[in-house]
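*Asks:* If you scroll down you'll find the structure; I have some questions about it.
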Amino acid sequence: MNIWVKLLRQPVLVGLAAAALGLFGLASVVSLPVRSSPVIPPRYIDISTNFPGADAATVDKFVTLPLENAVSAIAGVQYVTGSTQPGNADINAFLAPGAVADTVFAEILAATNAARDNLPAAVQPSSLKIVGDDNANQELNISVLFPPSLSAAEVTAFTISNIVPRLETVPGIGPVTLYSSPPALLVTADPLRLLAQGLTTAQVARSLAGASTVAAAGTLRDGAAAMPVNTGGDLTSQGALAALPLGAGAGGTTRLGDVAKAAIGFTDSGGMAWWDRVPSVYVAAGVAPGGNIITVAAQLRRLVGTLQPMMPPGVKLVVSYDQSIGVSQSLRDLAMTLLVTILLVGAITVAALGSLRAAAAPFLAIFLSLLGAGLVMRVCGQSFNLFTIIALVLAVGLVVDDAIVVVEDIFRRTADGAPAREAAELAITRLAPVLAAISSTLVVAFLPLGFLSGLTAALFRPFALVLISAFLVSLAVALGIVPSIAMWASRTYVHKPGAGLLDKLRDAYVRRLTPLLDRTGLVAALVLLAVAGCAGLAAFAPRNLDPAPDGLDVNIYAAGPNGASQDYLNAQALTMEALLHRLYPGMPDWLVAVESQHAIFGGYTFATPGQAARAVARLSGALAALPGLAAYVSQDTGLPGAQDLPVSVNISGQASAARLLAIAAKMQSAAYASGDFDFVQISPGQPQYQYRLRINRLLAARLGIREADIDEVVSAALSHAQLGQVDVRGDALNVTLALPDRLRPATLLALLVPTAGGGSVPLGTVASLVGEELPNALGSWQGLPSVNIQAQPHAGVAMSRALGTLRRAFAAQPTRDLSFGYSGPSETYREANAQNAKLFAFGLAGLFFLLAAQFRSLRDPFVVIATVPLASLGPLILCLAGGATLNIVTEIALLTVWGLIARQGILFVQVAHEGAALGLPTRAASLRAARLRFRPILMITLALLGGAVPLLLASGPQATIRYDLGAVLATGMGGGFLLSLFAVPALYCLLHRRRHAG
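Be aware that the sequence shown starts at 36, since it is given in my numbering, and climbs by one per residue.
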């Protein structure tokens, strides 16, 4: 007597267990956090290093390459990419599979600190951060709008000290990031006044550095007390700064106010942002891993309302982006989908079993299984998000299967005259090992996700956890709770043979199957043909990283000419603003112009995905007509890690920047000519005009001018280097010196440089400015010069086709000494394909070993696994016909189909073996199994299809993801069910023919 039979005789214990599962499950579901998507694990470590005032070539040679060499040698780093801009080196160290991000971070930090000894002295310490999703911690955006009477730097300083600390107090909030350069006390020197006073910029810089150095002087002790001594710290106002003495001249002491003005500003261009045409400062806030985005957003909005009266005149706080709006809409849609699915599956169950009493047990199994899955989610630290809720929707059609099989078997035995208890005991004893085997198929299919890495594993581990936990709970419910309810319900059940629709369908099926069992060789040939067909369809089916975009957000990107100034970008942004407001009057938009990226970013948030899709088409045509900008518009996909331009490839090798750019330009032309792309961008861009200071060293030596003094004067004038720190109205600000932004070359050459005799001469005496075209930015991959091409495919063009077009364009060039690689979303796409191939291979191997162990045979696994290619035909044909693409969502759905369709073969083989044990010939045993198992197989397939229907009819944000899942499940399970009904019995007869002959 097994444990399940014993539970039949303990109804009170069974009832208490069901109540406890429901109670704890409900408590877990209520307390689960809500997020837009699963947390993406770290992908790379970003290393940003500043070298103020240095051009791109200098930064690349003396900062980027040495740091890349130091980082690339670290265990756990798969590969390294670098991007060099004037004054900055940005390196991304991508983590190898299985690497521990914190360990690699610590090793990179040690390596960069050790490398500082070999870097120029003016290079600042590197800033490191671990990055998973590039757009993480931006679930909520607050715009600080300000009037023209205030500067962006002043508002930024106010935001840092008065707004950000209060936002960080919201319960459940994550990192709060200010998207702006840090404000500084910017001292702007007048070159003409410097010349009149006979001062050099180096003298001014040294005076400022001495007065603003923060130092700990120590403590003065006498016999009674210890008194701290402070030095400096008195430059707390513009008046005190203006009075700072710089030196004595013929006219007396020269003070800083005589030659310069101080104001709060940015050391670089700082960028410029607008919200609905009003200048603003952007603050982004994330949600902590255990936080509920809906609750956090509501509390943040209340806090913003509380803070508004405290703002200076003209400053207004606006929640400019709130991801909880789309999440709430998705949750409402998914909740309705879940309700419809439960009702639809319930109706199918009632119709199949012919009695509402009979359907009570499957109904209870659905709710207990879902609550049990919620309990497992709570214990494992998961959240309600798009993928876990979709898994719950799918689980409705899956968890009912075990209960249906048990109830059907008990009712059939009762109809044959067995007492209710005896029927229940026989059914449990017979079905327990079979149900354990069929439940294990899905576990085995998803188990390899635990050993893989990348975006697919990150997104679908929670999905698999929900399905597997719901499946295992449903198995326990089906064997421990359902039999007691079915035993009660079957006491009044009366079966009328041949009267029902299912019986008629079964009889018609058996009549058509009978002659086919005499042609088993033909069936085997057709199955092999299906295997070959699946391979061919998979090779030609269009592939993407993710489903078609259908989010609420529309993103705008407009690239200006390489080297475009902030003033140029600001003017273009205002032109764009005017155009956007003509197209969508009254609709708020956001724009950000960034000089360092010579680009403008912007976007809208719409009420429905349909509105967003129409806006993409409308805005694309309008923005394409703007002169001086190359723009593209895209709709958000809703998937983390996939918000950038989808196509991104690298060309690298030991070649000059000019050659790499020339090849990239030809590839760009070929890409546009193919018609596959709407937008193609090369980074870094074409060389731009730059100045190089040429020193007459012989003349400088005669005048006693040191080259180091020349470098100090020019650097003090142009580099915006940090000289010290001061406290201004409670804000700790860096102090920098600079000349006015609009500076003529002649003015720079008029600056004074010191001579050995204590005098000074204009810089132009010993130096000249030579203009030449040089790259203003440089890229690298593993230390090799590199050029990146990013592109937006035309609507309907799959990523596989787009990448193929660029690869052919690369191969058509003389590039034998260069390499072609992937980055960004394209690298994620390549990795996802490789990971999914392993997932399918491991899943199929695991299924084979499971079946071999279950049936203790090497023949029966082939009978069951034959269902896999038969179920794959429908989804692959759907993709080839344009109904979907092969992407991370459809491929996981296909893997789910593999795990589910195998149950059909297991149910058949188990009963066929029972018939053979009774002494029936193989053919007769197959027909008996087909007759007995037709009803439960049909019922569980209809239940699953019923669960897929609401997914096919989904609307709202991320409906495409739900549609893709539903379409693959419906075509896979529907087609697989029909084909396997005939293929499995025929293959069983073929593979067991020798036993029958014996």
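Glycine is no exception: its CB is placed at the ideal position from the N, C-alpha and C atoms.
1. Consult DSSP for residue 800 and reduce its assignment to one of helix, strand or coil.
2. Quick check: what's the CA-CA separation for residue 885 versus residue 500?
3. Can you tell me whether residue 862 is buried or exposed? The criterion is at least 16 other CB atoms within 10 Å of its CB, across all chains shown.
4. Within a Cβ cutoff of 6 Å, which residues of the same chain sit near residue 95, ignoring the five residues on either side of it in sequence?
5. For residue 639 and residue 64, what's the separation of their Cα atoms in angstroms?
6. Taking the C-alpha atoms as reference points, what is the distance between residue 757 and residue 767?
7. Give every residue of the same chain whose Cβ lies closer than 8 Å to the Cβ of residue 104, excluding the five residues on either side of it in the sequence, and list them in chain order.
8. Distance, Cα to Cα, residue 423 vs residue 67?
9. DSSP three-state label for residue 295, please.
10. Tell me where the alpha helix (DSSP H) around residue 307 begins and ends.
11. Taking only the alpha-carbon atoms, compute the straight-line gap between residue 324 and residue 75 and give it to the nearest angstrom.
12. Quick check on residue 516: does DSSP put it in helix, strand or coil?
13. Quick one, are the C-beta atoms of residue 350 and residue 506 less than 7 Å apart?
14. For the stretch 201–218 and the stretch 233–253, state whether three or more C-beta atom pairs, one from each stretch, are separated by less than 8 Å.
15. Return the chain-ordered list of same chain residues with a C-beta closer than 7 Å to the C-beta of residue 240, the five sequence neighbours on each side being excluded.
16. Quick one, which of 39, 1004, 1011 has its alpha-carbon nearest residue 462's?
17. Let me know if residue 795 comes out buried or exposed under the rule of 16 or more other beta-carbons within 10 Å of its beta-carbon.
18. Count Cβ pairs between the stretch 40–56 and the stretch 453–468 that sit closer than 8 Å; are there 3 or more?
19. By a C-beta neighbour count over all protein chains shown, 10 Å radius and 16 as the cutoff for buried, is residue 1028 buried or exposed?
20. At which residue ranges does the stretch 414–481 contain complete alpha helix (DSSP H) runs of 4 or more residues, listed in the order of the chain?
21. Going by the beta-carbon positions, is the gap between residue 828 and residue 671 smaller than 7 Å?
22. What do you get for residue 262, buried or exposed, if any count of 16 or more other CB atoms within 10 angstroms of its CB means buried?
23. What residue range is occupied by the uninterrupted alpha helix (DSSP H) comprising residue 48?
24. To which residues of the same chain is residue 225 closer than 7 Å at the C-beta, ignoring the five residues directly before and after it?
25. Take every Cβ of the stretch 878–898, pair it with every Cβ of the stretch 974–981, and state whether three or more of those distances are shorter than 8 Å.
26. Leaving out five residues before and five after residue 899 in sequence, what residues of the same chain have Cβ atoms less than 7 Å from its Cβ?
27. Just how far apart, CA to CA, sit residue 628 and residue 592?
28. Tell me, please, whether the CB atom of residue 1007 is closer than 7 Å to any CB atom in chain C?
29. Can you tell me the Cα-Cα spacing of residue 519 and residue 525, whole angstroms?
30. If you count every other CB in all the chains shown that lies within 10 Å of the CB of residue 176, and 16 or more means buried, which is it?
31. Quick one: grab the DSSP three-state call for residue 316.
32. Under 8 Å by Cβ, that's how I've got residue 663 and residue 596 pegged, so tell me the actual separation to the nearest angstrom.
33. Pairs of beta-carbons, one from the stretch 70–89 and one from the stretch 149–167, closer than 8 Å: are there three or more?
34. Which residue spans inside the stretch 520–599 form an unbroken beta strand (DSSP E) run of at least 3?
35. Can you say whether residue 1033 is buried or exposed, counting buried as having 16 or more other CB atoms within 10 angstroms of its CB?
36. According to DSSP, is residue 923 part of a helix, a strand, or is it coil?
*Replies:* In this structure, then:
1. Here residue 800 is taken as the residue at index 765 of the sequence shown, counted from 1. Note: residue 800 maps to helix in three-state DSSP.
2. Counting from 1 along the sequence shown, the entry for residue 885 is found at position 850. Counting from 1 along the sequence shown, the entry for residue 500 is found at position 465. So the two alpha carbons sit approximately 20 Å from each other.
3. If you number the sequence shown from 1, residue 862 lands on position 827. Classification of residue 862: buried, given that the 10 Å Cβ count is 16 or more.
4. For the purposes of this step, residue 95 is taken as residue 60 along the sequence shown, with counting starting at 1. Non-local beta-carbon contacts of residue 95 in its own chain, meaning distances under 6 Å to residues more than five positions away in sequence, involve 119, 813 in chain order.
5. What you label residue 639 is simply residue 604 of the sequence shown in a count that begins at 1. What you label residue 64 is simply residue 29 of the sequence shown in a count that begins at 1. Whole-angstrom Cα-Cα distance: 34 Å.
6. Here residue 757 refers to the residue found at position 722 when the sequence shown is read from its first residue. Here residue 767 refers to the residue found at position 732 when the sequence shown is read from its first residue. Answer to the nearest angstrom: the Cα atoms are 13 Å apart.
7. Residue numbering aside, residue 104 sits at position 69 when the sequence shown is read from its first letter. Closer than 8 Å at Cβ, skipping near neighbours: 818.
8. On the sequence shown, position 388 is the one that residue 423 refers to. On the sequence shown, position 32 is the one that residue 67 refers to. Taking the straight line joining both Cα atoms gives about 11 Å.
9. Here residue 295 refers to the residue found at position 260 when the sequence shown is read from its first residue. Note: residue 295 maps to strand in three-state DSSP.
10. Within the sequence shown, residue 307 is the residue found at index 272, counting from 1. Here residue 307 belongs to no alpha helix (DSSP H); instead the beta strand (DSSP E) covers 307–310.
11. Sequence index remark: in the sequence shown, residue 324 carries index 289 (1-based). Sequence index remark: in the sequence shown, residue 75 carries index 40 (1-based). Each residue's CA atom was taken as its position, placing residue 324 and residue 75 some 11 Å apart.
12. Numbered from its first residue, the sequence shown carries residue 516 at position 481. The answer is coil: DSSP assigns residue 516 none of H, G, I, E or B.
13. The count along the sequence shown starts at 1 and reaches residue 350 at position 315. The count along the sequence shown starts at 1 and reaches residue 506 at position 471. No, they are not a contact pair.
14. As far as the Cβ criterion goes, the stretch 201–218 does not touch the stretch 233–253, which means the pair count is below three.
15. In the sequence shown, counting from the first residue as 1, residue 240 sits at position 205. Cβ within range, chain order: 751, 758, 772.
16. Your numbering for residue 462 matches position 427 in the sequence shown. Ranking 39, 1004, 1011 by Cα distance to residue 462 puts 39 first.
17. Here residue 795 is taken as the residue at index 760 of the sequence shown, counted from 1. Around the C-beta of residue 795, 16 or more other C-beta atoms lie within 10 Å, and the residue is accordingly described as buried.
18. As far as the Cβ criterion goes, the stretch 40–56 touches the stretch 453–468, which means the pair count is three or higher.
19. Counting from 1 along the sequence shown, the entry for residue 1028 is found at position 993. Residue 1028 is exposed by the Cβ-count criterion.
20. Look at the stretch 414–481 and you find these whole runs of alpha helix (DSSP H), each 4 residues long or longer: 421–450, 455–481.
21. By 1-based counting over the sequence shown, the position of residue 828 is 793. By 1-based counting over the sequence shown, the position of residue 671 is 636. No, Cβ-Cβ distance for residue 828 and residue 671 is not below 7 Å.
22. Stepping through the sequence shown from its first residue, residue 262 is reached at position 227. In this structure residue 262 is exposed. Its beta-carbon is surrounded by fewer than 16 other beta-carbon atoms within 10 angstroms.
23. As a first step, residue 48 must be located in the sequence shown, where it is residue number 13. Here the alpha helix (DSSP H) through residue 48 covers 46–66.
24. As a first step, residue 225 must be located in the sequence shown, where it is residue number 190. Scanning its chain for C-beta atoms nearer than 7 Å, with the 5 sequence neighbours on each side dropped, one finds around residue 225 the residues 294, 295, in chain order.
25. By the Cβ test, the stretch 878–898 is not in contact with the stretch 974–981, since fewer than three Cβ pairs between them sit closer than 8 Å.
26. As a first step, residue 899 is located in the sequence shown; it is residue number 864 there, counting from the start. For residue 899, where only same-chain residues beyond five positions count, the Cβ hits under 7 Å are 886, 937, 940, 941, 944.
27. To locate residue 628, count along the sequence shown from 1; it is residue 593. To locate residue 592, count along the sequence shown from 1; it is residue 557. Approximately 10 Å between the Cα atoms of the pair.
28. Annotation note: the requested chain C is absent from the structure, which comprises a single protein chain.
29. As a working note, residue 519 is residue 484 in the sequence shown. As a working note, residue 525 is residue 490 in the sequence shown. So the two alpha carbons sit approximately 10 Å from each other.
30. Taking the sequence shown and counting its residues from 1, one reaches residue 176 at position 141. Buried, because 16 or more other Cβ atoms sit within 10 Å of the Cβ of residue 176.
31. Locating residue 316 in the sequence shown gives position 281, where the first residue counts as 1. If DSSP states are grouped into helix, strand and coil, residue 316 belongs with the strands.
32. The residue given as residue 663 occupies position 628 in the sequence shown. The residue given as residue 596 occupies position 561 in the sequence shown. Going by Cβ atoms, the distance from residue 663 to residue 596 rounds to 7 Å, so yes, they are a contact pair.
33. Using a C-beta cut-off of 8 Å, the stretch 70–89 makes contact with the stretch 149–167, since at least three inter-stretch Cβ pairs fall below that distance.
34. The qualifying runs are 588–594.
35. As a first step, residue 1033 must be located in the sequence shown, where it is residue number 998. Confidence at residue 1033 is low in this model, with a pLDDT of 40, below 50, so its placement is unreliable and the value that follows should be read with caution. By the beta-carbon neighbour count (other beta carbons within 10 angstroms, threshold 16), residue 1033 is exposed.
36. Within the sequence shown, residue 923 is the residue found at index 888, counting from 1. Helix, per DSSP.
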